[in-house]
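As structure tokens, the structure follows; a few thoughts come after it.
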Amino acid sequence: MVALKGNDIDRLIADPKRLSGVILIYGPDQGLVAERAAALVAAASGGVDDPFSTVRLDGSEVASDPARLDDEARTLALFGGRRTVWVRDAGSRSIEAAVKPLLDDPPADAVIVIEAGDLKKGTGLRKRVEDHRSALAVPCYADAAADLDKVISEEARAAGLTVDEDARQALHLLLGSDRRLTRSEVAKLCLYAHGRGRIELSDVRAVVGDTGAFALDDAIDAALTGDVASFDREMGRIRAAGTHPSALLTAALRQIQTIARGRLLVDAGTPPAQAVDRMVPPVFFKRKATVARVLSLWPSPRLAAAATRIEDAVVQSRLKPALGYEIAAETLLALATAARAAGRAR
1 MVALKGNDID RLIADPKRLS GVILIYGPDQ GLVAERAAAL VAAASGGVDD PFSTVRLDGS
61 EVASDPARLD DEARTLALFG GRRTVWVRDA GSRSIEAAVK PLLDDPPADA VIVIEAGDLK
121 KGTGLRKRVE DHRSALAVPC YADAAADLDK VISEEARAAG LTVDEDARQA LHLLLGSDRR
181 LTRSEVAKLC LYAHGRGRIE LSDVRAVVGD TGAFALDDAI DAALTGDVAS FDREMGRIRA
241 AGTHPSALLT AALRQIQTIA RGRLLVDAGT PPAQAVDRMV PPVFFKRKAT VARVLSLWPS
301 PRLAAAATRI EDAVVQSRLK PALGYEIAAE TLLALATAAR AAGRAR
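Each residue of the sequence shown is one higher than the one before, starting from 1 at the first, in the UniProt record's numbering.
Listed below in structure tokens is the structure:
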């Protein structure tokens, strides 16, 4: 099995001759899963929506008739060329038995793209694909800052717009947990700013809703500043919105790592408020006071310990998905309690 990352996937899509066999796309960011699946299917089929060469199946169809997937993959395209089979919504279905023949004996001229959810490592479909060297696995997690920036720039460039820096920072705060939602919100923003040449902070405030990383950052900020009451309230909102717990934990880990880099400046003698101004990526202006307080409450060794604890929680939430919210809440509540104690001791 070969696990691909963002740049690897882009190169693969640009060179469709390399596409073959089973490609499993999975992860908590369902918008990114859908986007990459569609791009891979388009690359494999040459962008031609031909029902005789491209077959779409639902995971439930494959689960109820496992032999059908193998039959479809080995059927010759009516007018020649490569056969593409696209299986959607496979994460909630047991289709390992259907996939096994295609892994053991890959079809000579077919690409099988399987679109799934956040699959647990070492079990089920994910394990079966990972055990075969000829297959490809494409994990899809919440966008990192650079990936989010790329999406914003792509959409703005296509609309003939530039993005002011403070507007870009606000978008980083508001978006990022789901690729499909991110593209939808930025496209809506571009339509709103059409004809004016650039996107300003006021446009973001007017158009982009309280979604994605905005709610996540509120919960994480509350935890790291020791505001237990606010943390409990934000966790309730996150759960009610259906945000995946691994998205929350991943965002928390990313924020801890950013804070840790800022804390190195404080350790070298820079006052917290000045360290915030020197942090990369830049801190959104509305969060500067909060981040400065976090820098003052969390010394480097405790930040390292917090990062380790969150990493462990990410693993546990994937091993025990039914307890994902409880694991995330317990982990971040422990950080909130520690931060509150540190604040009282000052």
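Using N, Cα and C, we set each Cβ at its ideal position, and we do this for glycine too. Model, not experiment: these values are computed from the prediction.
Length at least 3, wholly inside the UniProt domain "DNA polymerase III delta N-terminal" (24-124): the beta strand (DSSP E) runs in chain order:
54-58, 83-88, 110-115
Let me check understanding here. Comparing Cα to Cα, which of ILE23, ASP218, GLY197 lies closest to HIS90?
Along the sequence shown, read from residue 1 onward, the residue named residue 90 stands at position 90. Before going further, note that residue 90 is Ala rather than His in the sequence given. Answer by Cα proximity: ILE23.
Would you please state the rounded distance, in angstroms, between the beta carbons of PRO40 and LEU57? I believe it to be under 8 Å.
For the purposes of this step, residue 40 is taken as residue 40 along the sequence shown, with counting starting at 1. For the purposes of this step, residue 57 is taken as residue 57 along the sequence shown, with counting starting at 1. Per the sequence shown, the amino acid found at residue 40 is Leu instead of Pro. With 8 Å as the limit, LEU40 and LEU57 do not qualify as a contact, their Cβ atoms being about 15 Å apart.
Which residues does DSSP list as the beta-bridge partners of THR162?
Here residue 162 refers to the residue found at position 162 of the sequence shown. Its beta-bridge partners are ARG198.
Could you tell me whether the Cβ atoms of ALA223 and GLY176 are closer together than 8 Å?
Taking the first residue of the sequence shown as position 1, residue 223 is located at position 223. Taking the first residue of the sequence shown as position 1, residue 176 is located at position 176. Not closer than 8 Å, so no.
Whole-number beta carbon distance between THR162 and GLY197, since they are thought to touch under 8 Å:
Against the sequence shown, residue 197 aligns to sequence position 197. Against the sequence shown, residue 162 aligns to sequence position 162. 7 Å between Cβ atoms; contact.
With a threshold of 7 Å on Cβ separation, who are the neighbours of ALA193 within its own chain once the five nearest residues in sequence on each side are excluded?
Residue 193 sits at position 193 when you count from the first residue of the sequence shown. Counting only Cβ-Cβ distances below 7 Å, and skipping sequence neighbours, we find LEU161, ILE199, ASP203.
Cα-Cα separation, THR290 to ASP221
Your numbering for residue 290 matches position 290 in the sequence shown. Your numbering for residue 221 matches position 221 in the sequence shown. Going by the C-alpha atoms only, they are around 7 Å apart.
Mind reading off the beta-carbon distance from LYS165 to CYS190? Whole number of angstroms is fine, and I expect it under 8 Å.
Along the sequence shown, read from residue 1 onward, the residue named residue 165 stands at position 165. Along the sequence shown, read from residue 1 onward, the residue named residue 190 stands at position 190. It should be pointed out that residue 165 corresponds to Glu in this sequence rather than to Lys. Going by Cβ atoms, the distance from GLU165 to CYS190 rounds to 17 Å, so no, they are not a contact pair.
According to DSSP, what are the bridge partners of GLY21?
Along the sequence shown, read from residue 1 onward, the residue named residue 21 stands at position 21. Paired residue(s): VAL111.
Measure the C-alpha to C-alpha separation of ASN7 and ARG344 and round it to an integer number of angstroms.
Along the sequence shown, one-based indexing puts residue 7 at 7. Along the sequence shown, one-based indexing puts residue 344 at 344. Approximately 46 Å between the Cα atoms of the pair.
Count the other C-beta atoms from every protein chain shown that fall within 10 angstroms of the C-beta of THR123, then say buried if there are 16 or more, exposed otherwise.
What you label residue 123 is simply residue 123 of the sequence shown in a count that begins at 1. Answer is exposed; the Cβ neighbour count stays below 16.
Counted within 10 angstroms of its Cβ, other Cβ atoms place LEU248 as buried (16 or more) or exposed
Against the sequence shown, residue 248 aligns to sequence position 248. The residue is buried, with at least 16 neighbouring Cβ atoms inside 10 Å.
Skipping 5 residues on each side, what residues in its chain have a beta carbon closer than 8 Å to that of ARG309?
Along the sequence shown, read from residue 1 onward, the residue named residue 309 stands at position 309. THR331, ALA334, LEU335, listed in sequence order.
Could you spell out the range, first to last residue, of the beta strand (DSSP E) harbouring LEU136?
For the purposes of this step, residue 136 is taken as the residue at position 136 of the sequence shown. 136-139 is the extent of the beta strand (DSSP E) around LEU136.
With PHE52 and ALA77 assumed to form a contact (beta carbons below 8 Å), what rounded beta-carbon distance in angstroms separates them?
Looking up residue 52 in the sequence shown gives position 52. Looking up residue 77 in the sequence shown gives position 77. With a Cβ gap of about 6 Å, PHE52 and ALA77 count as contacting.
For ARG36, the nearest candidate out of GLY47, LYS100, CYS140 (CA to CA)
One-based indexing of the sequence shown puts residue 36 at position 36. Comparing Cα-Cα distances from ARG36 to each of GLY47, LYS100, CYS140, the minimum goes to CYS140.
Using a threshold of 8 Å, state whether the C-beta atoms of ALA328 and PRO245 are closer than that.
As a working mapping, residue 328 is identified with position 328 in the sequence shown. As a working mapping, residue 245 is identified with position 245 in the sequence shown. Cβ atoms of ALA328 and PRO245: closer than 8 Å.
Within the continuous alpha helix (DSSP H) that includes THR337, where are the two ends?
Stepping through the sequence shown from its first residue, residue 337 is reached at position 337. It spans 324-345 - the alpha helix (DSSP H) in which THR337 sits, taken as one unbroken run.
Taking only three categories from DSSP, how would you classify ASP15?
Along the sequence shown, one-based indexing puts residue 15 at 15. Note: ASP15 maps to coil in three-state DSSP.
Find out if the Cβ-Cβ distance for the pair ARG126, LEU119 is shorter than 8 Å.
As a first step, residue 126 must be located in the sequence shown, where it is residue number 126. As a first step, residue 119 must be located in the sequence shown, where it is residue number 119. Against a cut-off of 8 Å, the Cβ pair of LEU119 and ARG126 comes out as a contact.
Return yes when the Cβ of ALA110 is within less than 8 Å of the Cβ of ARG74, no when it is not.
Working through the sequence shown from its first residue, we reach residue 74 at position 74. Working through the sequence shown from its first residue, we reach residue 110 at position 110. In contact: ARG74 and ALA110 (Cβ atoms closer than 8 Å).
Start and end of the alpha helix (DSSP H) containing ALA241?
Taking the first residue of the sequence shown as 1, we reach residue 241 at position 241. Its alpha helix (DSSP H) spans residues 228-241.
Look at the alpha carbon of LEU181 and the alpha carbon of PRO321, and state the distance between them as a whole number of angstroms.
The residue you call residue 181 lines up with position 181 of the sequence shown. The residue you call residue 321 lines up with position 321 of the sequence shown. Between the alpha carbons of LEU181 and PRO321 lies a gap of roughly 23 Å.
Using the beta-carbon count (16 or more within 10 Å), is ARG261 buried or exposed?
Stepping through the sequence shown from its first residue, residue 261 is reached at position 261. Classified as exposed, ARG261 has fewer than 16 neighbouring CB atoms from the shown chains inside 10 Å of its CB.
Checking contacts by CB at 8 Å: is ALA73 closer than that to chain C?
The structure shown contains no chain C; it is built from a single protein chain.
How many Å lie between GLU115 and LEU264 at the Cα?
The residue you call residue 115 lines up with position 115 of the sequence shown. The residue you call residue 264 lines up with position 264 of the sequence shown. Spanning the two alpha carbons is a distance of roughly 41 Å.
By the three-class DSSP mapping on this structure, what secondary structure does THR270 have?
For the purposes of this step, residue 270 is taken as the residue at position 270 of the sequence shown. Of the three classes helix, strand and coil, the one that applies to THR270 here is coil, per DSSP.
For LYS286, which option in PRO66, GLN169, ALA63 has the closest C-alpha, if you only look at C-alpha atoms?
As a first step, residue 286 is located in the sequence shown; it is residue number 286 there, counting from the start. The residue with the shortest Cα to Cα distance from LYS286 is GLN169.
Going straight from the alpha carbon of LEU303 to that of VAL99, what length do you get?
Looking up residue 303 in the sequence shown gives position 303. Looking up residue 99 in the sequence shown gives position 99. Going by the C-alpha atoms only, they are around 43 Å apart.
Run the CB neighbour count on GLN255, radius 10 Å, all protein chains shown included, and call it buried at 16 or more, exposed below.
Sequence index remark: in the sequence shown, residue 255 carries index 255 (1-based). When all chains shown are included, GLN255 counts as buried.
With distances taken Cα to Cα, identify the nearest neighbour of ASP70 among GLY46, GLY195, PRO101.
For this step, residue 70 is matched to residue 70 along the sequence shown. For the residues GLY46, GLY195, PRO101, the minimum Cα distance to ASP70 belongs to PRO101.
Which of the three DSSP states is assigned to PRO301 in this structure?
The residue you call residue 301 lines up with position 301 of the sequence shown. Helix at PRO301.
For the alpha helix (DSSP H) holding ALA187, just list the boundary residues, first then last.
Position 187 of the sequence shown holds residue 187. Taken as a continuous stretch (DSSP letters only), the alpha helix (DSSP H) holding ALA187 covers 179-192.
Taking just the CA atoms, how far does GLN30 sit from VAL138?
Stepping through the sequence shown from its first residue, residue 138 is reached at position 138. Stepping through the sequence shown from its first residue, residue 30 is reached at position 30. Taking the straight line joining both Cα atoms gives about 12 Å.
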